[in-house]
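Going down the list, the protein sequences come from chains A and B.
Position one of the first sequence corresponds to residue 402 (this note's numbering), numbered consecutively onward.
Position one of the second sequence corresponds to residue 402 (this note's numbering), numbered consecutively onward.
We put the CB at the ideal spot given by N, CA and C, even for glycine.
Structure, as structure tokens:
Number of protein chains: 2
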Amino acid sequence: MAEMTDLSASAVLANFAASSVWDDVPAAVRHEGRRAVLNFFAVTLAAVRDPMLATMERIYVKFSSGEQATLIGRKQRSDPLTAAAINAMAANIHDFDDTHHPTIIHPSAPVASALFALAEARPMRGEQWLHAFLIGVEAACRIGRALSPGHYTRGWHVTSTCGVFGAAVGAACALNLDASRIVAALGCAAVQAGGLVEMLGTGAKSVSVGNAARNGLLSALLAAEGLDGPAQPLEGVRGYLRVAADAPDVNLIGAGLGTHWEIINNTYKPYPCGVVLNPVIDACLALTADRRIAKGAWRAIKHVELMGHPLLRQRTDRPGVGTGRQSQVSAQHAVAVTLLRGRAGLAEFSDEAVADPDVQELGQKLKFVDDDTCPVDAVWVTILFGDGTSLQHRVEAARGSLARPLQDVELEKKLRELCRYGGARVQSAHLIDAVWALEAAEDAGAVIRLASG
Amino acid sequence: MAEMTDLSASAVLANFAASSVWDDVPAAVRHEGRRAVLNFFAVTLAAVRDPMLATMERIYVKFSSGEQATLIGRKQRSDPLTAAAINAMAANIHDFDDTHHPTIIHPSAPVASALFALAEARPMRGEQWLHAFLIGVEAACRIGRALSPGHYTRGWHVTSTCGVFGAAVGAACALNLDASRIVAALGCAAVQAGGLVEMLGTGAKSVSVGNAARNGLLSALLAAEGLDGPAQPLEGVRGYLRVAADAPDVNLIGAGLGTHWEIINNTYKPYPCGVVLNPVIDACLALTADRRIAKGAWRAIKHVELMGHPLLRQRTDRPGVGTGRQSQVSAQHAVAVTLLRGRAGLAEFSDEAVADPDVQELGQKLKFVDDDTCPVDAVWVTILFGDGTSLQHRVEAARGSLARPLQDVELEKKLRELCRYGGARVQSAHLIDAVWALEAAEDAGAVIRLASG
């Protein structure tokens with residue numbers, strides 16, 4: 402958009418958000434939006450019985466002013482800000498939500514939660530909702546790219562810090578705010594961006610994910626009411642980009658806006674664990690087809706060798722983990738539980754699975770072999786038996802990666818399984834149909850109401 | 402506290418907060434706490450009719466779940482989280498609240514707002530309230546010192562970013578949480594610390610000040626409910642200190658805790674403008690005693706010279722400002738309006754005062770003279786008349802500085818004047834008496850109720 406080069410980044414982004422026309426959004430982008438929403442419902446429905454989420458809900462609902470909005474998987478309802486927070490926390494609590502590359506932002510939790518909450522307070526058509534969602538995701542991911550990599554390596558939790566901008570811009574679009582009001586919403590979001598990598602694996606992480614949705618929506622409501630902010634909340638001398646990253650690339654905010662859509666780089670996990678373990682699990686699942694792994698036969702295994710890029714070892718060499726949450730980043734646990742159970746769902750990364758003595762015993766047989774020449778996405782898994790025989794499987798790119806994206810039917814299956822796992826009384830088939838037809842819905846709020854408990 | 406050297410900073414701070422005994426708090430520290438609270442009420446009552454605050458209130462009260470808590474200067478009440486946010490925004494909106502040296506944190510707005518809101522939801526004695534307030538201020542200011550100067554110069558708004566920790570620790574103390582729960586509250590606060598210098602002079606700034614109070618209180622409530630966080634939210638490898646400052650000094654968190662109290666470095670402004678302008682205003686007020694300044698005689702002035710440290714010019718050389726808010730950091734405006742009106746209150750830094758053609762004309766006669774050898778706290782003001790005569794006044798340290806603190810009676814006068822300015826129906830005398838007797842109050846919440854409208 403050459404005509405925008407004389408505008409600064411916040412104005413470029415706001416102008417795009419205010420002037421984007423639905424007919425110009427490519428079909429593939431719209432479809433990826435629907436896929437992201439399907440995955441959002443799947444992972445949020447899985448969290449219904451999570452005890453940490455319940456702890457937070459007890460406090461949050463005390464401060465809810467009304468019942469306009471749906472809490473996914475629950476009968477109870479809340480005001481829109483509270484629903485935005487709780488649904489976003491639920492969506493992200495298992496780290497099973499979508500992942501944008503290369504920022505590693507989980508964009509849907511904050512953006513979809515804010516927009517569904519708004520849609521129940523101010524009814525809007527499905528087309529308007531999906532358009533606002535795509536623009537919100539675009540804002541979060543572009544700000545994330547401008548901040549990368551110096552923001553995440555510094556220790557900021559990008560899903561939280563960038564999510565609040567995405568929720569703000571998405572909600573501002575849904576409210577039909579003009580560009581100057583969207584810049585004001587970005588200003589209100591910039592002072593509410595928070596969240597630290599240090600908190601991963603604890604309840605405190607969820608607080609910032611919930612805030613991203615809640616405070617993004619609040620930012621848009623304040624901007625709509627007339628609250629002002631500075632002209633350059635992102636790129637100003639003391640704007641968010643320079644304050645929160647050491648070498649931000651401001652140009653990435655505007656380059657190719659409307660032509661290249663970041664949601665095309667969004668992926669969906671088949672397994673609820675660190676993305677670097679996904680090819681390992683793929684290989685282990687393939688290996689379980691051999692009868693020598695089945696039942697008690699696994700005791701004949703002498704070693705399991707993981708040959709991969711050194712990053713695999715650095716990030717996942719965690720023997721003896723004590724909780725389900727820690728097991729999500731443990732190769733020892735992931736390999737053992739997958740080989741033993743032939744599955745790798747939420748039940749396999751629970752406290753119960755971690756306590757299984759067979760899983761613990763097999764996990765101790767893992768060995769890492771570093772190979773600098775191995776691509777980060779690939780892995781060789783070799784099982785060596787006591788009798789000198791072996792089995793091998795190589796995976797070049799995991800299921801769920803950009804090279805091998807989950808298919809639509811796989812996302813549908815994920816939703817059905819996770820809905821069962823969570824135990825909410827939701828008609829999965831109706832919800833799936835409604836998400837695929839979201840663009841044509843008269844009332845976007847009716848879609849999330851299908852996911853109430 | 403030598404026995405604590407083997408603990409890390411978060412645990413040291415939490416242990417202090419959990420184990421501090423009221424009898425060990427020195428009388429001077431307690432009294433400074435009461436002075437801070439008096440100033441807090443004064444500046445908050447001044448904001449009752451502020452239009453920007455009204456814009457925010459319209460949105461915030463929509464999401465209030467109850468009426469447990471007082472909104473200062475108003476009949477309307479709200480839930481505690483909402484009251485914490487609105488009262489903190491009001492306290493800071495004119496930048497007339499207290500200032501801690503050397504961090505330049507305004508500590509009372511977030512900490513007092515959170516604690517009064519809590520005291521109305523969970524009644525507590527005045528002694529317990531004041532103790533929690535002092536510890537909350539201590540936490541905010543010590544974290545600010547550990548982050549300084551690399552945090553503020555990077556662009557973080559320290560009142561907001563450190564205020565959330567102060568509110569969290571203060572509220573955790575008032576809830577009698579143990580040290581491990583206070584560390585959890587610090588973790589919840591660390592992911593909610595936000596606010597940028599870029600926003601100064603706009604409504605977006607108030608959003609983060611309100612959040613500091615609200616989210617600090619929320620952090621304590623979440624910790625009390627059992628939510629967990631990491632062991633080292635402040636000093637961890639990806640903890641807040643290292644993420645948000647380039648060279649934090651972690652030792653400042655614990656050094657001398659309980660012996661040296663940071664509130665002793667708290668100051669209260671006599672004038673509602675940038676602190677660097679305070680000696681200038683003192684000098685101008687002294688000069689107005691001369692009859693040659695009075696009435697129309699000021700037209701005989703040829704120049705007004707400000708001789709001071711170059712920082713004075715760098716921060717305040719702002720001719721032709723357009724709004725009351727901008728005039729708070731304009732030497733041109735401050736000198737002109739003070740010489741013309743013989744006063745320097747909120748009315749003198751309003752849009753109306755800025756629009757006064759006499760003020761604009763006299764402001765154009767200002768000249769800066771840099772003097773590297775001049776202390777930052779000092780200034781020479783020289784008035785040169787057209788007839789060659791001149792008047793001079795030198796100020797070594799401004800009223801309200803640590804060297805010349807406002808006296809108790811001056812704080813009382815400030816409260817009476819600002820209450821009148823705001824127009825709330827509050828019995829100033831009763832409120833002043835209640836603050837001085839806060840330590841002995843049966844119910845701390847009754848004190849803030851004296852400040853309802």
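query                                                                                                                                           : result
Work out the CA separation of B/R850 and A/Q469 for me, nearest whole Å.                                                                        : 32 Å
Helix, strand or coil, according to DSSP, for A/S420 in the structure here?                                                                     : helix
Buried or exposed: B/I665, going by 16 or more other Cβ atoms within 10 Å of its Cβ?                                                            : exposed
Would you say B/R693 and B/A701 are within 9 Å of each other, going by their C-beta atoms?                                                      : yes
Taking a Cβ distance cut-off of 8 Å, strictly less, list which residues of the stretch 532-563 of chain A are near chain B, in chain order.     : R555, G556, W557, H558, S561
Using a Cβ-Cβ distance cut-off of 9 Å, determine whether B/L678 contacts chain A.                                                               : no
For a cutoff of 9 Å on Cβ pairs, would you count A/S620 as touching chain B?                                                                    : yes
Buried or exposed: which applies to A/A403, given that a residue is buried once 16 or more other Cβ atoms fall within 10 Å of its Cβ?           : Confidence in A/A403 is poor, its pLDDT being 37 and thus under 50, which makes the residue's placement unreliable; the coordinate value appears in the next sentence. The residue in question, A/A403, is exposed, as its Cβ has fewer than 16 Cβ neighbours within 10 Å.
Do you know how far the Cα of A/A735 is from the Cα of A/W781?                                                                                  : 15 Å
By the 8 Å beta-carbon criterion, what residues does the stretch 443-472 of chain A contribute toward chain B?                                  : M453, T456, M457, R459, I460, K463, F464, S465, S466
In angstroms with no decimal places, state the Cα-to-Cα distance between A/H495 and A/S620.                                                     : 27 Å
Below 8 Å on the Cβ atoms is my guess for B/A613 versus B/G564; work out the distance and round it to an integer in Å.                          : 3 Å
Just to confirm, is the Cβ distance from B/I654 to B/S420 under 9 Å?                                                                            : no
Locate the alpha helix (DSSP H) running through A/G823, then write down its first and last residues.                                            : 809-823
Distance check for B/S751 and B/A632, CA to CA, integer angstroms please.                                                                       : 48 Å
Any idea which residues DSSP pairs A/L792 with across the strands?                                                                              : A/I784
Using a C-beta to C-beta distance shorter than 7 Å, which residues of chain A count as neighbours of B/C368?                                    : Absent from the structure is residue 368 of chain B, since the part of chain B shown begins at 402 and ends at 854.
Exposed or buried, B/K703, counting other C-beta atoms within 10 Å across all chains shown (16 or more means buried)?                           : exposed
So the candidates are B/G567, B/G801, B/D424; which of them puts its Cα closest to the Cα of B/A485?                                            : B/G567
Among the residues of its own chain, which have a CB less than 6 Å from the CB of A/L785, if the five just before and after it don't count?     : K703, H704, S791
Using 8 Å as the Cβ pair cut-off and three pairs as the minimum, do the stretch 519-528 of chain B and the stretch 486-505 of chain B touch?    : no
Taking the straight line between their C-alpha atoms, what separation do you get for A/R431 and A/L688?                                         : 37 Å
Rounding to the nearest angstrom, what Cα-Cα distance links A/R450 and A/P671 in this structure?                                                : 21 Å
Would you say A/L597 faces chain B, with C-beta separation under 9 Å as the test?                                                               : yes
Within the 9 Å Cβ cut-off, does B/E626 reach chain A?                                                                                           : yes
When you compare only the Cα positions, how much space is there between B/P776 and B/A732?                                                      : 18 Å
According to DSSP, what are the bridge partners of B/L658?                                                                                      : B/H661
Taking C-beta pairs closer than 7 Å, name the residues in chain A that B/V644 reaches, listed in chain order.                                   : R555, G556, W557, L597
Taking 7 Å as the limit between beta carbons, can you name the residues of its chain near B/W699, skipping five residues before and five after? : L740, L741, L763
Can you confirm whether B/P481, when its beta carbon is compared against all beta carbons of chain A, has any partner nearer than 9 Å?          : yes
Output the distance between the C-alpha atoms of B/C574 and B/T500, rounded to the nearest integer angstrom.                                    : 23 Å
Look at the Cβ atom of B/P855, then the Cβ atom of B/L618, and state whether they are nearer than 9 Å.                                          : For chain B, the structure presents residues 402 to 854; residue 855 of chain B sits outside this window and is missing.
Count the other CB atoms within 10 Å of the CB of B/N416; is the residue buried (16 or more) or exposed (fewer)?                                : buried
Can you give me the C-alpha to C-alpha distance between B/N493 and B/G675, rounded to a whole angstrom?                                         : 13 Å
State the DSSP-derived secondary structure class of A/A838, mapped to helix, strand or coil.                                                    : coil
Can we say the stretch 637-646 of chain B touches the stretch 584-603 of chain A, given the rule of at least three CB pairs closer than 8 Å?    : yes
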